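*Asks:*
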Amino acid sequence: MKLRTSAGAVALTLAATLTLTACSDGGSGSEESASPSASSSSSAADEMPQPTKEDVAALEAVKVEGKAGKEPKLSYDKPFEVSAPTSRVVDEGDGAELTEGVQVTMQHVAYDGGAKKVASTWDQGAPTSFMLGDAQFGILTEPLVGQKVGARVLVANPVQAQDGSTQTSVNLVEITDVKKIPTRAEGEAVEPAKGLPTVTLDDSGKPSVEIPKDYKAPKKLTAQTLIKGDGPKVKENQTVTAHYSGWTLDGKQFDSSWDRGTPSSFSLQQVIPGWTQGLAGQTVGSQVLLVIPADQAYGAEKSEQNPLGGETLVFVVDVLDAK
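Just so you know, the sequence shown maps onto residues -22 to -1, 1 to 301 in mature numbering (1 follows the signal peptide of the UniProt record, and there is no 0).
1) Determine the direct distance from the alpha carbon of residue 224 to that of residue 275, and round the result to whole angstroms.
2) Regarding residue 170 and the ligand PLP, is the C-beta to nearest heavy atom distance less than 7 angstroms?
3) If you count every other CB in all the chains shown that lies within 10 Å of the CB of residue 145, and 16 or more means buried, which is it?
4) Touching or not, the region 230 to 237 and the region 100 to 107, by the rule of three or more beta carbon pairs under 8 angstroms?
5) Tell me the rounded alpha-carbon separation between residue 288 and residue 232.
6) Does the distance from the CB of residue 134 to the CB of residue 123 come in under 8 angstroms?
7) Please check the pair residue 153 and residue 129, which I expect to be a contact at CB under 8 angstroms, by giving their CB distance rounded to whole angstroms.
8) Between which two residues does the beta strand (DSSP E) harbouring residue 256 extend?
9) Using three-state DSSP, classify residue 62 as helix, strand or coil.
10) Measure the beta-carbon distance from residue 298 to residue 177 and round it to whole angstroms, keeping in mind my assumption that it falls under 8 angstroms.
11) Just the C-alpha distance for residue 296 and residue 220, rounded to the nearest angstrom, thanks.
12) Could you compute how far the alpha carbon of residue 2 sits from the alpha carbon of residue 63?
13) From which residue to which residue does the alpha helix (DSSP H) around residue 168 run?
14) Are the beta-carbon atoms belonging to residue 78 and residue 111 less than 8 angstroms from one another?
Now the structure itself:
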C-alpha cells in the first residue's frame, strides 16, 4: 500500500526519518511506502547495523531544550552524522509500559544533519499513532520496547536521500499514549453479494481469497462489508489501524500486514482513493472486501516504478482502530 505523495507531507517526512530500511544493508523502501515488503521487525532488527562508540558520543552531545509536553528545540554541532541507528533516553516515562504489538501515540520533531527542523507533529497540530513493531517505524522498536508513556527518546538515523547520498536525521519522540487493540475484525457476519471474490479466514483471522474464473473487473469501486463491527464510523480524515492483504485479479498476493505480523496505520488522506472511499463510513471492528479499479488504485500506466499500474486490486481489510 503506497501513500499519496501529494498529501500529508509532514507524516511522510516523519515516516521517512524513522524508516527501518532507510540505510540498512539490503533494505528497500522509501517515504512513499506505508507497508514495505519487509521481514518481521525482530529479524530486521537483527540485521540492522549497530552504533559505534563515536555514534553514541555524538548523540550524547545533542542538547534538548524544553519541557515535556511541548515541542523541544534540538541543538548540536553540524554536520551531524552517525553510521547506524542510535538512540538515547532523554526522560523516563511513568505511565503504561510499551510492548511490541501495542498502538503507540507520539509527538515527534525531526531535524536534519545541519540542525534544521524539517517536520513536527506539534506544527501539524496532532500526534501520530503507529503499531510498535510495524516495519514502517522499525527504527523505534528496540529503543521504545520497555519504555513507559511519558518517555522522551532521541533517535538518530542515517537516511538515504533521493540523490543517493546519506543524510542523518535527528528525532525527538515523546510517547503520549499506548493502547491495546484487537488483532482481527470482530462483529456480526454479513452475507456478501453473489459473484464476488470468496474470502476464507484461517484460525488466526488471516484471509485468503478465491476469485471466480468468470469474474469481470468492475468499473466502479466495490466495498463489501464481510464482518460488521460495533465501533464508531470511520471518517475520511482519520488514521486507520488495519490488518490487510492485497491481491491482483489473477489471485497473486502482492502485500500483507498479516505476513509481516503487525497491523499497519494509515491516514486515509494518504492512501489510494479506493481505500479512502471504501473505508470511510465503515465501522471500527469491521472486515471489508475492496475491489478497486486501476483509476482508484495506482492509475492506468504500469512501469518499473509503478508495477501495480493498470491493475484492478482486491483487498481484505480488518479495521481495528481509527483516530
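Every residue, glycine too, gets a C-beta built ideally from N, C-alpha and C. All of these numbers come straight from a predicted model, not from anything done at the bench.
*Replies:* Looking at the coordinates:
1) Position 297 of the sequence shown holds residue 275. Position 246 of the sequence shown holds residue 224. Near 12 angstroms, if we compare the C-alpha coordinates of residue 224 and residue 275.
2) Of ligands this structure carries none, so the ligand PLP is not represented either.
3) If you number the sequence shown from 1, residue 145 lands on position 167. When all chains shown are included, residue 145 counts as buried.
4) no
5) Against the sequence shown, residue 288 aligns to sequence position 310. Against the sequence shown, residue 232 aligns to sequence position 254. The alpha-carbon atoms of residue 288 and residue 232 are separated by roughly 14 angstroms.
6) Mapped onto the sequence shown, residue 134 falls at position 156. Mapped onto the sequence shown, residue 123 falls at position 145. No; because the gap between Cβ atoms is not below 8 angstroms, this pair is not in contact.
7) Translated into positions along the sequence shown, residue 153 becomes position 175. Translated into positions along the sequence shown, residue 129 becomes position 151. Rounded, the Cβ-Cβ distance is 5 angstroms, consistent with contact.
8) As a first step, residue 256 must be located in the sequence shown, where it is residue number 278. Where residue 256 is concerned, there is no enclosing beta strand (DSSP E), although the alpha helix (DSSP H) it sits in stretches over 251 to 257.
9) As a first step, residue 62 is located in the sequence shown; it is residue number 84 there, counting from the start. Note: residue 62 maps to coil in three-state DSSP.
10) Taking the first residue of the sequence shown as 1, we reach residue 298 at position 320. Taking the first residue of the sequence shown as 1, we reach residue 177 at position 199. Wrong, their Cβ atoms sit about 17 angstroms apart, outside the cutoff.
11) If you number the sequence shown from 1, residue 296 lands on position 318. If you number the sequence shown from 1, residue 220 lands on position 242. Whole-angstrom Cα-Cα distance: 5 angstroms.
12) As a first step, residue 2 must be located in the sequence shown, where it is residue number 24. As a first step, residue 63 must be located in the sequence shown, where it is residue number 85. Reliability of the predicted coordinates at residue 2 is poor, the pLDDT of 34 falling under 50, and the value obtained from them is presented with this limitation in mind. Their backbone Cα atoms lie some 9 angstroms apart in a straight line.
13) If you number the sequence shown from 1, residue 168 lands on position 190. Where residue 168 is concerned, there is no enclosing alpha helix (DSSP H), given that its DSSP letter is neither H nor E.
14) Here residue 78 corresponds to residue number 100 of the sequence shown, with the count starting at 1. Here residue 111 corresponds to residue number 133 of the sequence shown, with the count starting at 1. It is a contact, given that the beta carbons lie within the stated cut-off.
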